[in-house]
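> I'd like to ask you about the structure that follows.
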Amino acid sequence: MNEENFNISLRKFLKVVGVTSQREIEQAVRAAIESGKLKCSEKLQAKVVLTIDAVGLKHEVEEEIKIA
């Protein structure tokens, strides 16, 4: 295994995940606030599940996102 290439590829993947996830969350929250479905004072429970079937990986991260 080429550690350097693996590391670069992994970082690229994580960057794409982070950037696209942030954009999707921001859009969804704005839309929910505008429609009245969500209040600006609320906290959101978020969960991400990362899977890589080829290596049997299932990693879950749960966090609270504060809007205000």
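FYI, in the numbering used here the residues of the sequence shown are 3 to 70.
Glycine included, C-beta positions come from ideal geometry on N, C-alpha and C.
1) Using beta-carbon positions only, say whether A70 and S37 come within less than 8 Å of one another.
2) Quick check: what's the CA-CA separation for E26 versus V51?
3) Helix, strand or coil, according to DSSP, for I67 in the structure here?
4) In the DSSP assignment, find the unbroken alpha helix (DSSP H) run with A30 in it and report its ends.
5) I'd like the list of long-range same chain contacts for G20, defined as Cβ closer than 7 Å, with 5 residues on each side in sequence excluded.
This is what the structure holds:
1) Within the sequence shown, the letter at position 68 stands for residue 70. Within the sequence shown, the letter at position 35 stands for residue 37. Contact flag unset, no.
2) For this step, residue 26 is matched to residue 24 along the sequence shown. For this step, residue 51 is matched to residue 49 along the sequence shown. Roughly 16 Å between the two C-alpha positions.
3) For the purposes of this step, residue 67 is taken as residue 65 along the sequence shown, with counting starting at 1. In the structure shown, I67 sits in a strand (DSSP, three-state: E or B).
4) Position 28 of the sequence shown holds residue 30. Where A30 is concerned, the enclosing alpha helix (DSSP H) stretches over E5 to E36.
5) Residue mapping note: residue 20 aligns to position 18 of the sequence shown, counting from 1. Nothing meets the Cβ criterion.
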